[in-house]
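A.B. asks: Please find one structure pasted underneath; my questions will follow.
Numbering (my numbering), first residue to last: 56 to 959.
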């Protein structure tokens, strides 16, 4: 490292005590306590990841005695002996620092604070910036223009302003204040009766401790004067005790503190021995941080240029063939693939340059700008490159680009998607948009879209953006994508996530892009008739609500509804939100309805119809494409914490199927003439996964024998023979079965079943007694989440649970429920992804007329020629039922009909 690099001085002795008392008890496999070691190692990991270019030195106290004890034998004499659980960790924290490849220093006769002060002085003499990692107030004496503190517990920088806020004086006078106020934790006497606030006032008035003591006999307040005069020696002794000895010898020279590369052969065994699985899974981040710094240090400024000559484009594509890589991004007229036309293409073949090929930019009058290549000419040159198996195409959210380019008869294969690589690696830990990833991994602020197009009513389309500005924006996207790929792709290997990415996520963009392009037909007339009917029924509910209240009111106004329920009707239990209005969300209304109040029941029915009208019957008509008269949803591949796909515009994942009205919405999705819609739905897949993951023999036996699992549960829970279980008991058992999967508690179950809290608790207790493996699975899963920060699906996907260690009970409880459900729901999502990919591949290989249209949770919907129904049903069932190897069979129920409703 050069002398200009920053020196980070870590107060190891100070941190170990704080980590020990801040973290819950932990032991490694041999029983040795390691909570402080884990906290210390986690801090080192974060420091090294966040500061890849800095030199780090870890400083410890050599012992409890120092030269200060010779000056004052009572110094720190009041301190208790360390707790027995902490003692074995003192040596382990030193081992931790060495395992991370960091230099460690301590010196007999001196405290860590003295060595830190001495290193800080020498580093500043060389012109280096110094960061002291500690929350020790004594070290605030060091703060200066080139020295600051970082509190690792609060993740807070401490500069001159923060020192003044704490002590009322600047860093240069902290020693004077501490000498007057004393320090009970170190048994520094100070001056009796003078605290920090008074000490600061005195020092600000007199300038220094010595100046104050020299004039103490002139102080007007008699008691204060007498106290200072009689305790002047104690103040001077305290001044010596709290001062930092910045002349302490340096055990290592500054040159010997230079940053060394991480050696996995040293670090990994240490982490394994101590059982730190979370840190083991993140080792790759250290190497990534170092690589980012390396890239920053050696790369030239990014070069962006526009290509407007055919020969220039052909020369660039020769470079792509030679490199074997091509990062690519499209600029279009719309976020909707169906409505989008190309405005330009950006590409990169290395980390140094991004290029942009403008195609359809216009001037302010709508006329084509000069100096652009023809779209068909560019696509003709690009088409063989995009399909070349020897050239890896790299993109971010490639599903969109695949869809757009497919409209130009250009196919992208093979490819890598940095959006999905990031999603597989980090899931719900953070977002996966390019701008966020560029900042997170490359410390790069990208050019914003809004800065080019404006916002609101004044926004212009990208085609109207000047070519020079469009070049910088678009070429940057391609270059950043290439750089992100270089950093993230190798983490898949390091973190053993290659299989999840390659088998389950990487093939998806091509499959889903085709589904989005195909869309689905809807019956426009039926939707309009349903809208009219729903409108009439909503009017009837409004009239019924007015009759119950005695006057008309706006049933759609939460404010008016709250006033009616809790003020006029005096229903107890009303609570107001931050805005001052009563809370009238679905949870509140459902509770009131369960108590027998009629108005909440009416409002809930009205709201259901309003939602169906706004979201589906009215909205779907507006979303019919003018291109092919079909509706085209858009699937998001990286938006959930469990790996599940979600859809938008329209959202077809949340059509309610438990109500008659919701089921009728599905009747409006229809097949083309000569075809039928085929629904293939996994039967009770999440319960089957639970039986597999929790090793519940009773459930596995029932599934193996193809016995109705809800009747089995009802029989065991309620003491009724299985063949005598009625519909009501089966319905209750089904609610319990699925409620347990979602981590439901007694309160939630009581609400769903309309029973008392005590009865619901009894049901849950009986359930766990019946299936003890489920309780063990839940406890084990929550423990895994707390230890690692994530839980695993059957296929090894990490489902991150960020709030699992939250200090807020409500958030922590929610995270625990999510941790229980995530492996189950995530495994179901992985199974569906594998099934989709295999079904699409087989249909393509066999040149079948059937095509995938939708995926909704555990269901695939296909459009199938009438002549291929039997063959397609057999193919789909075979593939879906073989999409995972579980200890219970997967069952797929298939139905066909002219509409989705008939098929389901």
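Beta carbons: idealized from backbone N, C-alpha and C, even for Gly.
Bear in mind the structure is a predicted one, so any value in this text is a computation, not a measurement.
Give me the Cα-Cα distance between residue 199 and residue 226, rounded to the nearest whole angstrom.
C.D. replies: Taking the straight line joining both Cα atoms gives about 7 Å.
A.B. asks: Specify the secondary structure class of residue 782 as computed by DSSP and reduced to three states.
C.D. replies: Residue 782 falls in the helix class under three-state DSSP.
A.B. asks: Looking at residue 540: is its Cβ nearer than 9 Å to the Cβ of residue 722?
C.D. replies: It is not a contact, given that the beta carbons lie outside the stated cut-off.
A.B. asks: Nearest chain C C-beta to residue 385 closer than 9 Å, yes or no?
C.D. replies: No chain C appears in the structure shown, which is made up of a single protein chain.
A.B. asks: Considering only residues of the same chain and omitting the five flanking positions on each side of residue 912, which have a CB-CB separation below 7 Å?
C.D. replies: Closer than 7 Å at Cβ, skipping near neighbours: 708.
A.B. asks: Tell me the DSSP secondary structure of residue 448 in three-state form.
C.D. replies: Residue 448 falls in the strand class under three-state DSSP.
A.B. asks: In whole angstroms, what separates the C-alpha of residue 354 from that of residue 407?
C.D. replies: Any reading at residue 354 must be qualified, since the residue scores a pLDDT of 40, below 50, and its modelled position is unreliable; no value is offered.
A.B. asks: Determine which residues share a DSSP beta bridge with residue 127 and list them.
C.D. replies: None, per the DSSP bridge assignment.
A.B. asks: Exposed or buried, what is residue 631 when buried is set at 16 or more other beta-carbons lying within 10 Å of its beta-carbon?
C.D. replies: Its Cβ having fewer than 16 others within 10 Å, residue 631 is exposed.
A.B. asks: I'd like to check one pair, residue 853 with residue 97: are the Cβ atoms closer than 9 Å?
C.D. replies: No, these two residues do not count as a Cβ contact at 9 Å.
A.B. asks: How is residue 688 classed by DSSP in three states: helix, strand or coil?
C.D. replies: DSSP places residue 688 in coil when its eight states are reduced to three.
A.B. asks: Per the contact definition of three or more C-beta pairs closer than 8 Å, is the segment 883-896 in contact with the segment 549-562?
C.D. replies: Touching, yes.
A.B. asks: Select from 474, 719, 480 and 497 the residue whose C-alpha is nearest the C-alpha of residue 487.
C.D. replies: The shortest Cα separation from residue 487 among 474, 719, 480 and 497 belongs to 474.
A.B. asks: Restricting to Cα atoms, I'd like to know which of 192, 193, 173 and 191 is closest to residue 185.
C.D. replies: Cα-wise, what sits closest to residue 185 is 173.
A.B. asks: According to DSSP, simplified to helix, strand and coil, what is residue 206?
C.D. replies: Residue 206 falls in the strand class under three-state DSSP.
A.B. asks: Inspect the CB distances between the segment 115-123 and the segment 314-326 and report whether three or more fall short of 8 Å.
C.D. replies: With the cut-off at 8 Å, the segment 115-123 and the segment 314-326 do not touch.
A.B. asks: My output table needs one value for residue 352: the three-state DSSP class, helix, strand or coil.
C.D. replies: With a pLDDT of 41 at residue 352, under the threshold of 50, the predicted position of this residue should be treated as unreliable, and no value is reported.
A.B. asks: Determine the extent of the beta strand (DSSP E) in which residue 916 is found, giving its start and end residues.
C.D. replies: First-last of the beta strand (DSSP E) with residue 916: 914-920.
A.B. asks: Going straight from the alpha carbon of residue 531 to that of residue 745, what length do you get?
C.D. replies: Approximately 46 Å, taken between the alpha carbons.
A.B. asks: Taking DSSP as the reference, what is the three-state secondary structure of residue 733?
C.D. replies: Three-state DSSP puts residue 733 in a strand.
A.B. asks: For the alpha helix (DSSP H) that contains residue 671, what are its first and last residues?
C.D. replies: Careful: residue 671 lies outside any alpha helix (DSSP H) and carries neither H nor E.
A.B. asks: Relative to the alpha-carbon of residue 260, which residue among 274, 250 and 247 has its alpha-carbon at the smallest distance?
C.D. replies: Nearest option by C-alpha distance: 274.
A.B. asks: In the structure shown, what three-state DSSP assignment does residue 546 receive?
C.D. replies: Three-state DSSP puts residue 546 in a helix.
A.B. asks: Please list the terminal residues of the continuous beta strand (DSSP E) segment that includes residue 213.
C.D. replies: Segment 211-213, the beta strand (DSSP E) holding residue 213.
A.B. asks: For the candidate residues 258, 452 and 428, whose alpha-carbon lies nearest to that of residue 383?
C.D. replies: It is 452.
A.B. asks: In this structure, does DSSP put residue 387 in helix, strand or coil?
C.D. replies: Three-state result, residue 387: strand.
A.B. asks: Less than 9 Å between the C-beta atoms of residue 737 and residue 710, yes or no?
C.D. replies: No, the Cβ-Cβ distance between residue 737 and residue 710 is not below 9 Å.
A.B. asks: Pull up the DSSP beta-bridge partners for residue 537, would you.
C.D. replies: BP columns for residue 537 are empty, so no partner.
A.B. asks: Between the C-alpha atoms of residue 67 and residue 224, what's the straight-line distance to the nearest angstrom?
C.D. replies: One C-alpha to the other measures close to 27 Å.
A.B. asks: Let me confirm a value: residue 579 is counted as buried when at least 16 other C-beta atoms fall within 10 Å, else exposed. Which label applies?
C.D. replies: Exposed, because fewer than 16 other Cβ atoms sit within 10 Å of the Cβ of residue 579.
A.B. asks: Can you tell me whether residue 551 is buried or exposed? The criterion is at least 16 other CB atoms within 10 Å of its CB, across all chains shown.
C.D. replies: Its Cβ having fewer than 16 others within 10 Å, residue 551 is exposed.
A.B. asks: Have a look at residue 792 and residue 592 and give me their C-alpha separation to the nearest angstrom.
C.D. replies: The alpha-carbon atoms of residue 792 and residue 592 are separated by roughly 34 Å.
A.B. asks: Please classify residue 136 as buried or exposed, where buried requires at least 16 other C-beta atoms within 10 Å of its C-beta.
C.D. replies: By the 10 Å Cβ count, residue 136 comes out exposed.
A.B. asks: If you draw a straight line from the C-alpha of residue 57 to the C-alpha of residue 63, how long is it?
C.D. replies: For residue 57, the pLDDT reaches just 39, beneath the cut-off of 50, and the residue's location in the model is therefore unreliable, although a value from the coordinates is still provided. About 14 Å.
A.B. asks: With DSSP as the reference, label residue 956 as helix, strand or coil.
C.D. replies: It is helical.
A.B. asks: Grab the span of the beta strand (DSSP E) containing residue 294 for me, first residue to last.
C.D. replies: From DSSP, residue 294 is part of no beta strand (DSSP E) but of the alpha helix (DSSP H) over 287-297.
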